[in-house]
Amino acid sequence: MDSEETGGCMRPAEEQRSGSIIVETNFRLYAYTSSALQLAILSTFTEMIYRFNDMSVGVLTRESVRRALQVGITASQIISFLRANAHRQCLTTGGALNCLPVTVADQIRLWEDERRRMTFTDATLYSTFEGDPEFVGVRDFSLREGILLWADSDKKLVIVSEEGHERVRAWWKANKAAT
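The UniProt record's numbering applies: residue 1 is where the sequence shown begins, and numbers increase by one.
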């Protein structure tokens, strides 16, 4: 049965199969659907601005994508969803890969990479050195032992891993006793 036989209207199943999402280079997203499921999925990584009967408008923002990333959705899953549900007009003109602007896909990946920039490690900060030789001794010992995480010669700061703290204390005590 084609659309002429149904009075020019598409059936909901056909609408969902053919895709209904258009993403612009300005991160604005148009979803031509009334499917509660599709809108719920879109809402996990999109700031929805307007909702009408058969169309919703949203924006992909750093915060909305980060919220999705925090609950375990990956950038690849977001990109795959947007490509898999691309509007059929996008598919016919640009193909599956070009339905989602490259700049948008890259930015979604960059937002995901932001979350992996830092790793937190328990550590100990040494900052009260009596002189330069004491600082250099602790820094060099930590470096030799492979427990040095960071050092600043100007401010005389040394950060060692939590596992290395006891070794530094023992070394420091032994050196203080020797002097």
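Using N, Cα and C, we set each Cβ at its ideal position, and we do this for glycine too.
Assignment of alpha helix (DSSP H) within the UniProt domain "Transcription factor Tfb2 C-terminal" (106-173), counting only whole runs of 4 or more residues, yields 132-145 in chain order.
Contact between residue 33 and residue 43 does not hold, since their C-beta atoms are separated by about 12 Å, which reaches or exceeds 8 Å. Bounds of the beta strand (DSSP E) holding residue 29 are 28-31. Here the C-alpha atom of residue 171 lies approximately 38 Å from the C-alpha atom of residue 114. Under a 10 Å Cβ-count criterion, residue 63 is classified as exposed, with fewer than 16 other Cβ atoms of the shown protein chains found around its own Cβ.
Here the C-alpha atom of residue 35 lies approximately 20 Å from the C-alpha atom of residue 91. DSSP, read as helix, strand or coil, puts residue 22 in strand.
Of the candidates 99, 156, 77, 124, the residue whose Cα lies closest to the Cα of residue 149 is 124. If you ignore the 5 residues before and after residue 53, its C-beta comes within less than 7 Å of the C-beta of 34, all in its own chain and listed in chain order.
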